[in-house]
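Please read the structure below before turning to the comments.
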Amino acid sequence: MRSNFRLNIRLATNILLVIGTFAIALMISPIAEVYQEKNLCIKYLKHQIDRDKLINRLKIVKQANPSSICDYVLKS
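In terms of our numbering, the sequence shown opens at residue 11 and continues consecutively.
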């Protein structure tokens, strides 16, 4: 009976570790999106990507001024 109890504790610990790992990953993903947008704007301002790629990746309308949008993204 005692050895079975230890196995159950190990199993419960492993399950909690997996749940905790996924919880941390879900909390980090919005932060990663912000930094991806900032990196895109930096590349645009350094002329490493063109205007159309920036518009497609940021999903903005074509009439918008990418430079002003990048200024806003980089300040936040």
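The C-beta atom is built at its ideal place from N, Cα and C for all residues, glycine as well.
Computed from a predicted model, the values in this text were never measured in an experiment.
For residue i, count neighbouring C-beta atoms within 10 Å of its own C-beta (all shown protein chains included) and say buried if the count is 16 or more, exposed if not.
i   : result
L21 : exposed
L36 : exposed
L27 : exposed
I need the DSSP call for residue i, collapsed to helix, strand or coil.
i   : result
V71 : coil
Q46 : helix
D60 : coil
S78 : helix
Sorted by chain position, which residues of the same chain lie with C-beta nearer than 7 Å to residue i's C-beta, five sequence neighbours on each side aside?
i   : result
V83 : E47, K48, C51
Would you mind giving the Cβ-Cβ distance between residue i and residue j, rounded to the nearest angstrom? I have them listed as a contact below 8 Å.
i   : j   : result
L68 : I59 : L68 to I59, Cβ: 11 Å. No contact.
Y54 : P76 : 6 Å
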